[in-house]
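Chemist:
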Ligand code: ADE
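In our numbering, the protein residues as written are 18 to 241.
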């Protein structure tokens, strides 16, 4: 079943290059994935196309207004679709969540901006809030791109070889093993002998050992 993703943002052009390129372009042209980017200002009704206003109670910055977002989501939503708000105070994004989202048929991704959005948006038209990491971006559009890219790789027909998913980081709880290609000798650095041996059992063993070593070194938390 194909997946349709509607992205709501104040900066639609941020996604122009991203959607046409590489792995993602392939999924889109294969029909497995359709991504539609919408400018939230299309749902504003005043002459100045106002999407934000000052916070009640005072404080710095501006807050995204509820009316355009409610109008946009109410127009785009379909029964059973999942409405997601990208925000640093959401649940952490992960490979597991990416795989889960890849099995949906319709996602709406709302990219926030300014100091935040009116709470009634979250309460009224959002099903899930997702953060891509513990840092704050100027707006959620790149976060939406990250979510789309990561989930696209779980859609059959988007990645070249099904098997490229199974060995990689986070499919197991181990980080990747090192890869080498030709030439076997480069600037005095040679490829580990075992990889040239043709002995597949030994190669697997070597790769697994490198995975454990690397994980212990940079992500010991994954081994707990
Ligand atoms: N918007 C701003 N920062 C973000 C983050 N870390 N994750 C998701 N959306 C965001």
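Where a beta carbon is used, it is the ideal one built from N, C-alpha and C, also for glycine. Computed from a prediction, not measured in an experiment: that's the story for all the values here.
#1: Check whether the Cβ of residue 149 sits closer than 7 Å to any heavy atom of ligand 1, and report yes or no.
#2: For residue 156, list the residues DSSP reports as bridge partners.
#3: Roughly how many angstroms separate the alpha carbons of residue 119 and residue 80, rounded to a whole number?
#4: How would you label residue 200, buried or exposed, when you count the other beta carbons within 10 angstroms and need 16 or more for buried?
#5: Could you pull out every residue in the same chain whose Cβ sits closer than 8 Å to the Cβ of residue 212, ignoring the five residues on either side in sequence?
#6: Residue 58 and residue 68 look like a contact to me (Cβ under 8 Å); what is the Cβ gap, rounded to whole Å?
#7: Please determine, among 36, 98 and 229, the residue with the shortest C-alpha to C-alpha distance to residue 189.
#8: Mind reading off the beta-carbon distance from residue 22 to residue 124? Whole number of angstroms is fine, and I expect it under 8 Å.
#9: Residue 203: buried (16+ other C-beta within 10 angstroms of its C-beta) or exposed?
#10: Ligand 1 and residue 153: does the residue's C-beta get closer than 7 Å to at least one heavy atom of that ligand?
#11: Give the single residue among 148, 162, 37 and 231 whose Cα lies nearest to the Cα of residue 28.
#12: Kindly identify the DSSP beta-bridge partner or partners of residue 245.
#13: For ligand 1, I want to know if residue 168 counts as a neighbour, meaning its beta carbon is within less than 7 Å of at least one of the ligand's heavy atoms.
#14: Considering just the uninterrupted stretch of the beta strand (DSSP E) at residue 61, what are its terminal residues?
#15: Determine contact between the region 104 to 111 and the region 141 to 155, defined as no fewer than three beta-carbon pairs at a distance below 8 Å.
#16: Quick one: Cα of residue 205 to Cα of residue 225, how far?
#17: Determine the contact status of residue 191 and residue 155, defining contact as a CB-CB distance below 8 Å.
#18: Please report the residue range of the alpha helix (DSSP H) in which residue 83 lies.
#19: Count the C-beta pairs between the region 162 to 171 and the region 135 to 143 that are closer than 8 Å, then say yes if the count reaches three, no if not.
#20: Does residue 151 come out as helix, strand or coil in the three-state DSSP assignment?
#21: Let me check understanding here. Comparing Cα to Cα, which of 72, 35 and 71 lies closest to residue 54?
#22: For residue 61, tell me which candidate among 88, 49, 235 and 172 has the shortest Cα-Cα distance.
Modeler: According to the structure shown:
#1: yes
#2: 130
#3: 31 Å
#4: exposed
#5: 197, 220 and 223
#6: 6 Å
#7: 229
#8: 5 Å
#9: exposed
#10: yes
#11: 162
#12: Residue 245 lies beyond the residue range present for the chain, which begins at 18 and ends at 241; the question has no answer from this structure.
#13: no
#14: Careful: residue 61 lies outside any beta strand (DSSP E) and carries neither H nor E.
#15: yes
#16: 26 Å
#17: no
#18: 83 to 93
#19: no
#20: coil
#21: 35
#22: 88
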